[in-house]
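What follows is a single structure, written as structure tokens, with notes after it.
Protein chains in written order, with the working numbering: chain A, 221 to 715; chain B, 14 to 340.
Structure (structure tokens):
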């Protein structure tokens, strides 16, 4: 494979650079606004690309996509409200660090690990996209089901000590994930004859309701005449060499997990951030620091969601299979220019594909630079008195929910969800367990039932490939390990 | 309660409009349009159908009188029925039209999932484009054509796995119909989208899958996927050599997407809109843009569009009755 771009000047022209910068700014801002997110940002810029040369247009959308992944973390860190589902895991450590220690620092950790994850994803794309795409095809329905189960097991690693409450949270999430028309039979489930519920609970409404609206209620109940952070000192964004070194391992793990799950269409960033968080918290030397504002807990999900962005391009370019809503829209830009992603694109559109590969690395660089520039401004948000902040965030939430599907129903839904989660938060239930279960419920359920349809009811399908056997062994090992640890702990406490 | 009131109001307005329209039957279109026309799109911003409508609408505007403008409104979800219901509930004054595929008009009403009772509740303005869906085999499949696939399925009932992108939809119904008429039992595997079906087919999870023609061109050229039969009536030129179900003596299905309006929209306004759509679809620039995207333009006037819809509705209803889904 020829690694050198035929004509690098093709990439470094003014149009491309400007498009990347525009995409980055739009993606970051939309990602940071709760409810708006990456999909809306990409959809908004799509018509702009029709008038541009293919490479410039596609790079603009990729820059938007990439920057949106980081943007979603900005509000996750500052407000405890993830701007995108992929940033939900960042809340756990990012928000406490921003409130207790320094918002500037928390954002810097996030930006640095996001950028490294993004570059990692880009390198994966350049060097091994074709073999990797073929490898990803080995993961069929049984493997997806088992992956979903492993993801759900991560809940046990995250949530606090109260096993009953965390089980209830998981059940709530799984139940919410089953609302809508059953994909396999066409039967309406818990839709109450609302057409708006036929496609399931709108993810944006769910996310905004559970994180943003409930958080606003909490802010109001704590008193409006305060602000999160009083002094300007904590806004500093610099990181020491020691701090950077401290996140090296979680960033590497997060990047590997992100790229690995990113190549599996349909799993993507929303689940990969939880995988990364669980693995890093389990293997860390200081597992007790997680959940209280630990840098490793920011680096792991942040690097993984950006690495999964690069990973998601692998099946898309090599096989023409878009793995997420944002990628499906980017595919629209390809088709508009008469380019068919798939096995022939690497030969038929060689210059374009390699332009995209190297351009993707450039979008990460742009994300880092724009992020550095905007981070101090963003972190000032926490100096704003809550009386202003609540009103602004609430209006943004309403716009975001409505923009996603133009349905008023979703606004009421989000309000209802917000009230329920305000109560759950006050009672110390784990919100993150609910969201993991909600994201994984359809993956687990559909693939379980589909696997059994494929095998005509034979459970042997879950042991039919080396990949599924490996995944089953991982589940058994994790279960066995935690039961063993539990017994050991009980012995030491009683004896 | 409110919907009841709204519906009564709409009905009485429609009746009034019809009474008025009979006397001076012309005249409603004079000066039309005086304000922007809402075009309801049953797809999210940036989606496949959304981008198609966004490509077409400026050319329709250009061919309408009085500096007409459209406002696009995205109402995705529930197999397009949310958008089609919005058209159903709109004033029949020519200022609301909607894009609709066949599923919300000839399938969903029979399943009892809509507030309207069928395509008869709308004015069908004109059809815009058709789509083709193929039964596709992976590289190295032991079958060369449909006959071999069906013969194998006959000997091994329930063993041949065929992927579709949903239940009781435009892919599932033709497949069920084929099973009924060829007297075979296939194992239908439901995926969430054609992209998922494609992944399963390339990964060797299923023996065959149904997919829209435009997403398999690259694989067809590379030889990794092999379309063997078009389940729809219209064929794209790039797959002209591949037979359709009709060529092989089976009942084909149809997938066409057109523009509809609320029942009772004045007939001369309907004619104005249909004329503008026809003229737009003849503009070389638009033809080129849609050809690039592999969209098969197929303009049908109101009468032909209605005829096709009627025919398909009978076929789809028949399949659902035969399956016992519909009594």
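Think of the CB as a built atom: it goes at the ideal place given N, C-alpha and C, for glycine as much as any other residue. Predicted, not measured: the structure shown is a model, and the values here were computed from it.
Within chain B, the residues that residue i reaches when beta carbons sit closer than 8 Å
i: residue 416(A); result: 90, 91 and 95
i: residue 357(A); result: 212, 215, 216 and 217
i: residue 361(A); result: 213 and 218
i: residue 670(A); result: 202, 203 and 204
i: residue 351(A); result: Those do not exist, as residue 351(A) stays about 14 Å from chain B at its closest Cβ, beyond 8 Å.
Partner residues on chain A for residue i, Cβ-Cβ distance less than 8 Å
i: residue 83(B); result: Chain A residues near residue 83(B): none, gap ~14 Å exceeds 8 Å.
i: residue 200(B); result: 673, 674 and 676
i: residue 152(B); result: Near residue 152(B) there are no residues of chain A at all, since even the closest Cβ is about 10 Å away, more than 8 Å.
i: residue 194(B); result: The premise fails here: residue 194(B) is roughly 22 Å from chain A at the closest Cβ pair, so nothing lies under 8 Å.
For residue j and residue i, the rounded distance between their alpha carbons
i: residue 138(B); j: residue 386(A); result: 55 Å
i: residue 240(A); j: residue 707(A); result: 55 Å
i: residue 633(A); j: residue 305(B); result: 41 Å
i: residue 310(A); j: residue 521(A); result: 6 Å
i: residue 252(B); j: residue 388(A); result: 53 Å
i: residue 18(B); j: residue 244(A); result: Caution applies to residue 18(B), whose pLDDT of 48 falls short of 50 and renders its modelled position unreliable; the value that the coordinates give is listed next. Going by the C-alpha atoms only, they are around 49 Å apart.
i: residue 500(A); j: residue 479(A); result: 15 Å
i: residue 227(B); j: residue 247(B); result: 13 Å
i: residue 603(A); j: residue 656(A); result: 31 Å
i: residue 561(A); j: residue 676(A); result: 34 Å
i: residue 79(B); j: residue 296(B); result: 19 Å
i: residue 75(B); j: residue 626(A); result: 27 Å
i: residue 242(B); j: residue 279(B); result: 42 Å
i: residue 674(A); j: residue 229(B); result: 23 Å
i: residue 355(A); j: residue 535(A); result: 10 Å
i: residue 434(A); j: residue 286(A); result: 28 Å
i: residue 109(B); j: residue 277(B); result: 12 Å
i: residue 134(B); j: residue 364(A); result: 43 Å
Buried versus exposed, by CB contacts within 10 Å (16 or more), residue i
i: residue 442(A); result: exposed
i: residue 234(A); result: exposed
i: residue 679(A); result: exposed
i: residue 508(A); result: exposed
i: residue 130(B); result: exposed
i: residue 314(A); result: buried
i: residue 190(B); result: buried
i: residue 322(A); result: buried
i: residue 700(A); result: exposed
i: residue 168(B); result: exposed
i: residue 711(A); result: exposed
i: residue 460(A); result: exposed
i: residue 38(B); result: Confidence is the limiting factor: at residue 38(B) the pLDDT is only 44, short of 50, which leaves the residue's position unreliable and the question unanswerable from this model.
i: residue 570(A); result: exposed
i: residue 174(B); result: buried
i: residue 505(A); result: exposed
i: residue 605(A); result: exposed
Residues that residue i contacts on chain A, provided the C-beta gap is smaller than 9 Å
i: residue 234(B); result: 560, 562, 563, 564 and 568
i: residue 98(B); result: 415
Amino acids of chain B, ordered along the chain, whose beta-carbon sits closer than 9 Å to that of residue i
i: residue 625(A); result: 57, 87, 88, 89, 90 and 95
i: residue 405(A); result: 180 and 203
i: residue 262(A); result: 59
i: residue 621(A); result: The contacting residues do not exist; residue 621(A) stays about 14 Å from chain B at best.
Chain-ordered neighbours of residue i on chain A, where CB pairs are closer than 7 Å
i: residue 237(B); result: 563
i: residue 341(B); result: Residue 341(B) falls outside the range modelled here, since chain B spans only 14 to 340, and no answer is possible.
Within chain B, the residues that residue i reaches when beta carbons sit closer than 7 Å
i: residue 555(A); result: 306
i: residue 419(A); result: 90 and 91
Exercise for the section: Would you check if the stretch 325-340 of chain B and the stretch 578-597 of chain A touch, i.e. whether three or more CB-CB distances between them fall below 8 Å? Expected result: no
Practice task
Mind the definition here: the stretch 327-335 of chain A touches the stretch 591-610 of chain A only if three or more C-beta pairs lie below 8 Å; say whether that holds.
Solution key: yes
Problem - Runs of alpha helix (DSSP H) wholly within the stretch 603-654 of chain A (minimum 4 residues, chain order) - result: DSSP runs (the alpha helix (DSSP H)) wholly in the stretch 603-654 of chain A: 606-625 and 628-646.
Practice task
Say whether the stretch 40-50 of chain B touches the stretch 267-275 of chain B, bearing in mind that this needs 3 or more beta-carbon pairs closer than 8 Å, one atom from each stretch.
Solution key: no
Practice task
Spell out a yes or no on whether the stretch 414-430 of chain A and the stretch 394-401 of chain A are touching, meaning 3 or more CB-CB pairs, one atom from each, closer than 8 Å.
Solution key: Because the criterion of three Cβ pairs below 8 Å is met, the stretch 414-430 of chain A and the stretch 394-401 of chain A touch.
Practice task
Check whether the stretch 335-345 of chain A touches the stretch 475-483 of chain A, taking contact to mean three or more Cβ pairs, one atom from each stretch, closer than 8 Å.
Solution key: yes
Practice task
Would you check if the stretch 608-625 of chain A and the stretch 368-378 of chain A touch, i.e. whether three or more CB-CB distances between them fall below 8 Å?
Solution key: no
Practice task
Please confirm if the stretch 544-556 of chain A is in contact with the stretch 345-364 of chain A, defined as three or more CB-CB distances below 8 Å between the two stretches.
Solution key: no
Handout entry: Ordered list of alpha helix (DSSP H) runs contained in the stretch 406-442 of chain A, each at least 4 residues
Key = 423-427 and 434-442
Problem - Every unbroken beta strand (DSSP E) inside the stretch 209-256 of chain B [3 residues or more] - result: 221-225 and 238-243
Exercise for the section: Could you say if the stretch 108-118 of chain B and the stretch 192-210 of chain B meet the contact criterion of at least three C-beta pairs nearer than 8 Å? Expected result: Contact between the stretch 108-118 of chain B and the stretch 192-210 of chain B is not established, with fewer than three Cβ pairs separated by less than 8 Å.
Exercise for the section: Indicate whether the contact test is met: 3 or more Cβ pairs, each with one atom in the stretch 244-262 of chain A and one in the stretch 281-300 of chain A, closer than 8 Å. Expected result: yes
Handout entry: At least three beta-carbon pairs within less than 8 Å, the stretch 310-322 of chain B to the stretch 89-96 of chain B
Key = Verdict: no, contact absent.
Handout entry: the stretch 481-495 of chain A contacting the stretch 525-536 of chain A, beta-carbon criterion three pairs below 8 Å
Key = yes
Handout entry: Segment contact, 8 Å Cβ cut-off, at least three pairs: the stretch 573-580 of chain A with the stretch 276-284 of chain A
Key = yes
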